[in-house]
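No gaps in the numbering here: position 166 of the sequence shown is 166 in full-length UniProt numbering, and each next residue is one more. Glycine included, each C-beta is placed from N, C-alpha and C at the ideal position. Nothing here was measured: the structure is a model prediction, and the numbers come from that model. Down below is the structure, laid out as structure tokens.
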Amino acid sequence: MKLCEYCAENVLQSKSSWDYHRRSWESLSGEWDIDVPSHPHGRTETTKKKEKDRCVFCWTLQQDIEKLSPLLKHEKNAWPIYRWNIRSLAKIRESLEIVVVTFRYVRPISESRNSAYTKAALPTRTFFLFPEAEMQPLPKLEDLGPSTNPEDNGGHQIRAWVQNCDTTHDNCMKRRKLTPKSKRFIPTRLLDISRESGEPIRVIETATTSVQGPYCTLSHCWGLIEFQQLRDANRERFMKEGIPWHLFTKNFQDAIKVARSLEVGYIWIDSLCIIQKSKADWDKEAGRMHLVYRNSYCNIAVVDSKDSTGGAFRNRAPENVRPVRYMPVRDSPLFGNKEKKWIVVPEDLWERELIQSFLYVRGWVFQERMLAPRILHFAEKQIFWDCPSLSACETLPGGLPQPMDRVAGPDRHWRGRLQVSEGSDEPLAGAIDQPMESFWKTAVRKYTSCNLTNGSDKLIAMWGIAKLVRDALGVEYAEGLWQANLEDQLSWHVAECRILKRPSECPEWNLTRDIPSWSWASMDGEIVVPDRMSDKPHYRVTDHDGRPIQVNIKGRQNITQAIASRTVPKAPPAPLRVQSDSGAEIQRRNVQSRKEHGDLSGEKEFHKSVVPDKMNDDEEPKLVSQSIQIQGRVGRGKLEGNDAGDKWTLQVRGTADFEIEAFPDTVPNLRNPVDVWPYYVVLSAKQVYIQQFVLSNVKEPQHIQGRNTDRDTHRLASIDELIEAEPEEEVDYAGHGILLKPAGGNHFRRTGAFRFAHASERVFQMLQAPENCKFWLD
């Protein structure tokens, strides 16, 4: 690709900071208006020329119109539909010089309601220009090669990434470095790929076979096409004779080639290392999945294949991978000296080419991506690299510059933190990190944005990450929620209310799941986990005996109660007074709590002491009962939505002038009284004191004495007057809760959530029903 003369002259060399881009579809598409599919036998010279001559700006915008709003091509009156803007980012200390070019879709001032451009939803596209000299090393065309197959391009780049990680990244492969060879985890089964290419590959059981060296893992889409799997019927044969090469799918063959290019002698592939159709083997191995990926030498991700037949490797035009170069024709304030060369890179390269791929919209792969210590992603156009120290691709092999690192950076950080060994004294979250609760919120939101073939896998596919967070927090976990501060977590809500029926209540095989309504795993779609209301709440519900609410986990004693009885004073806490619940503030208060109630550093051992030895900590926790005892004030309100049906409020008698934001789990049926008039319960609330300063005994200046006193009260006070002013406090309330529907016999099921803020004492009292109610949440 390149920059066309139009964009170079009218955008980058313009004396204006913005203008409109291209006046017609014909002008935008020009000579690039062709469809060039990938050809298995290579690309023709005509195709190569077309790809080389495409403009990176124009081609990107053209593809958006083709895919998202093709009718705009024929709307002559809609053009120009893009406006560009160019600016430079402020340079701070050692930061890069960066020029930013943005293209935004603009609607005409006058437009008909049914026109194509009224319905268009074209994304904003941003490109960064970086000085070429500061972005080295950059790829050469001859090094990239015509394919992502390491056998075709020599595999130099992937080996360079691995070697660099092994030798220079102190924060990478921590588990491997901290664990002696004799104690390193090895999966139950592996594929021995140390034989010559093309020979049968044996399945080995590591309990009886010595394993020499590390192993790789594979992330891939299974798809709907049947392929060879490990079964009880073929297990003995595959162990003795091996699996013939031709029985391996294209995904498996390519992954084995990559592992061999890294000189690794073993690979773990789920369908060939877990006995399929065996519940006993699945129950055993599913709980160990986090160990398999955490201890992998390198995870190989087949990103661009929607099933087992697509394979990892792709033919590609090297010109489309190497960054586009821009050479100014004259000196300018934006680009400086005309001798300086620049490269042009799309802002969303990482998200568009990797995160939005076939593979990474799969729910199972989310934890594989977060737990593997490093990953080689084989995408449509190029190979990507991920480890705790570096996120890179063949376009930018030295790593993503800071402005492009907003998605990869946080994932990379937590991938490193999750590599910390259980036996290490190093905490999962350091002093300057976000608290682990913040990571969990983000993880749930990203995970629930992915898809699962089987709804029954909703919890087990997240268990690997949940287990590590559980071990770090020292708090029990079940059904997607934590035992501590359970009243806050029950107030999760769906990001968008779109589905008509709760999946856990649907009979379809791919939706049904034995999960209680109070768990976010009973739903499909993106889930928002709420912040903790406060570590010192003003109000919260209890169980039927007045103790903190909890889930009843098999084989677990009431750890929360036991710890609470040792650390929490019996008197109710004082109302929260303008305290922050940030991670740093909570950490400060925890230090203060240790001073007041003694050092609790032994609580981790206490946790272990009350857990029965027979429990396997690697297994996903199970419930004794799906019902949670709750004692709270149950009221009834009315759901009201806006015209678009995307915003809902809960109307409660006596609070007509106050907005309570509601989040139904499913689209309410406005003809069903159960949906329109839900029961509700406030689960947790806090008081926030707002301090105001009232001036008293302040003598008015001579020149305003005798004037209207109402007007005089608005004058500005001096600093000295404010220091001597008398503080007064006003209190308001914030809280959240859940919407309910009766399930018979004092049992309720959840139907949604709600939250409120800045409520007066009168409004808060109206939200509280007159009588306490003891019920069970199912």
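Considering only the alpha carbon of each residue, which of 189, 211 and 144 lies closest to residue 205?
The option with the nearest alpha carbon to residue 205 is 189.
What's the call for residue 303, buried or exposed, on a 16-neighbour Cβ count within 10 Å?
With 16 or more other Cβ atoms inside 10 Å of its own Cβ, residue 303 counts as buried.
Am I right that residue 663 and residue 753 are in contact with their C-beta atoms under 8 Å? What's the rounded C-beta distance?
With 8 Å as the limit, residue 663 and residue 753 qualify as a contact, their Cβ atoms being about 5 Å apart.
So within the region 277 to 358, which uninterrupted alpha helix (DSSP H) runs reach at least 4 residues, ignoring any that extend past its ends?
If you keep only unbroken alpha helix (DSSP H) runs of at least 4 residues inside the region 277 to 358, you get 279 to 286, 289 to 294 and 318 to 321.
Are the CB atoms of residue 20 and residue 83 within a distance shorter than 8 Å?
The answer is yes: Cβ separation under 8 Å.
Relative to the C-alpha of residue 486, which candidate in 451, 548 and 748 has its C-alpha closest?
It is 548 whose Cα lies nearest to the Cα of residue 486.
Among the residues of its own chain, which have a CB less than 6 Å from the CB of residue 819, if the five just before and after it don't count?
Nothing can be reported for residue 819, as the shown portion of the chain is limited to 1 through 778.
Report the three-state DSSP secondary structure of residue 806 (helix, strand or coil).
Here the chain covers residues 1 to 778 and nothing more, so residue 806 does not appear.
Have a look at 260, 240 and 228 and flag the residue whose alpha-carbon is nearest the alpha-carbon of residue 249.
Checked all of 260, 240 and 228; the closest Cα to residue 249 is 228.
Proximal residues to residue 76 (C-beta, below 7 Å), its chain only, five neighbours per side dropped
Closer than 7 Å at the Cβ level, and outside the excluded window around residue 76, lies no residue.
From the DSSP output, in three-state form, read off residue 8 for me.
Residue 8: helix per DSSP, three-state reduction.
Pull up the distance between the alpha-carbon of residue 604 and that of residue 352, whole angstroms please.
Because residue 604 sits at a pLDDT of 39, beneath the cut-off of 50, its placement in the model cannot be relied upon, and the following sentence gives the value as read from the coordinates. Answer to the nearest angstrom: the Cα atoms are 43 Å apart.
Taking residue 377 as the reference, give the member of 392, 371, 363 and 538 with the closest Cα.
Ranking 392, 371, 363 and 538 by Cα distance to residue 377 puts 392 first.
So, does the region 458 to 465 touch the region 531 to 541, judging by three or more C-beta pairs under 8 Å?
The region 458 to 465 makes no contact with the region 531 to 541, as fewer than three CB pairs between them are under 8 Å.
Which parts of the region 198 to 262 are runs of the beta strand (DSSP E), unbroken and 3 residues or longer, counting only runs that do not cross its ends?
Fully enclosed beta strand (DSSP E) runs of 3 or longer: 202 to 205 and 215 to 219.
Using DSSP with H/G/I as helix, E/B as strand and the rest coil, what is residue 651?
Reduced to three states, the DSSP call for residue 651 is strand.
Give the straight-line distance between the Cα atoms of residue 57 and residue 3, rounded to the nearest whole angstrom.
Straight through space, the alpha carbons of residue 3 and residue 57 are spaced by roughly 7 Å.
Uninterrupted alpha helix (DSSP H) stretches inside the region 418 to 503 (no shorter than 4 residues)
Complete alpha helix (DSSP H) runs here, min 4: 436 to 448, 463 to 473 and 486 to 489.
Between the Cα of residue 99 and the Cα atoms of 760, 633 and 326, which residue gives the shortest distance?
That would be 326, whose Cα lies nearest to the Cα of residue 99.
Can you tell me where the beta strand (DSSP E) with residue 773 in it begins and where it stops?
For residue 773, the uninterrupted beta strand (DSSP E) run begins and ends at 773 to 777, by DSSP.
First and last residue of the alpha helix (DSSP H) that includes residue 762?
Per DSSP, residue 762 belongs to the alpha helix (DSSP H) from 761 to 767.
Report yes or no: do the region 255 to 267 and the region 215 to 222 share at least 3 C-beta pairs separated by less than 8 Å?
Yes, the region 255 to 267 is in contact with the region 215 to 222.
Along the chain, where does the beta strand (DSSP E) containing residue 188 start, and where does it finish?
Counting along the chain, residue 188 falls outside any beta strand (DSSP E), and DSSP gives it neither H nor E.
Using a Cβ-Cβ cut-off of 7 Å (strictly less than) and excluding sequence neighbours within five positions of residue 763, which residues of its own chain qualify?
The residues are 655 and 658.
Specify the secondary structure class of residue 411 as computed by DSSP and reduced to three states.
In the three-state scheme derived from DSSP, where H, G and I count as helix and E and B as strand, residue 411 is classed as helix.
Three-state secondary structure (DSSP) at residue 58?
Assigned with DSSP and collapsed to three states, residue 58 falls in helix.
In terms of alpha-carbon separation, which member of 481, 197, 508 and 543 lies closest to residue 529?
Of the candidates 481, 197, 508 and 543, the one whose C-alpha sits nearest the C-alpha of residue 529 is 481.
Sufficient close CB pairs (3 or more, under 8 Å) joining the region 274 to 291 to the region 229 to 247:
A contact exists between the region 274 to 291 and the region 229 to 247.
Which residue's Cα is closest to the Cα of residue 452: 512, 440, 690 and 199?
Looking at the Cα atoms, 512 is the closest of the given residues.
Exposed or buried, residue 775, counting other C-beta atoms within 10 Å across all chains shown (16 or more means buried)?
With 16 or more other Cβ atoms inside 10 Å of its own Cβ, residue 775 counts as buried.
Tell me whether residue 758 is buried or exposed, calling it buried when 16 or more other Cβ atoms sit within 10 Å of its Cβ.
Classification for residue 758: exposed.
Host beta strand (DSSP E) of residue 78 (start-end)
Run containing residue 78: none; DSSP gives neither H nor E here.
Here's a check: name, in chain order, each residue in its chain whose Cβ is nearer than 8 Å to the Cβ of residue 766, leaving out the five neighbours to either side.
Same-chain partners within the cutoff: 652, 653, 654 and 655.
In or out: residue 208 buried (at least 16 other Cβ within 10 Å) or exposed?
Counting Cβ neighbours within 10 Å, residue 208 comes out exposed, since fewer than 16 surround it.
Inspect the CB distances between the region 465 to 482 and the region 379 to 392 and report whether three or more fall short of 8 Å.
Between the region 465 to 482 and the region 379 to 392 there are fewer than three inter-stretch CB-CB distances shorter than 8 Å, so the stretches are not counted as touching.
By Cβ distance, which residues of its chain are closer than 6 Å to residue 101, with the 5 residues on each side in sequence left out?
Within the same chain, residue 101 has close Cβ partners 86 and 127.
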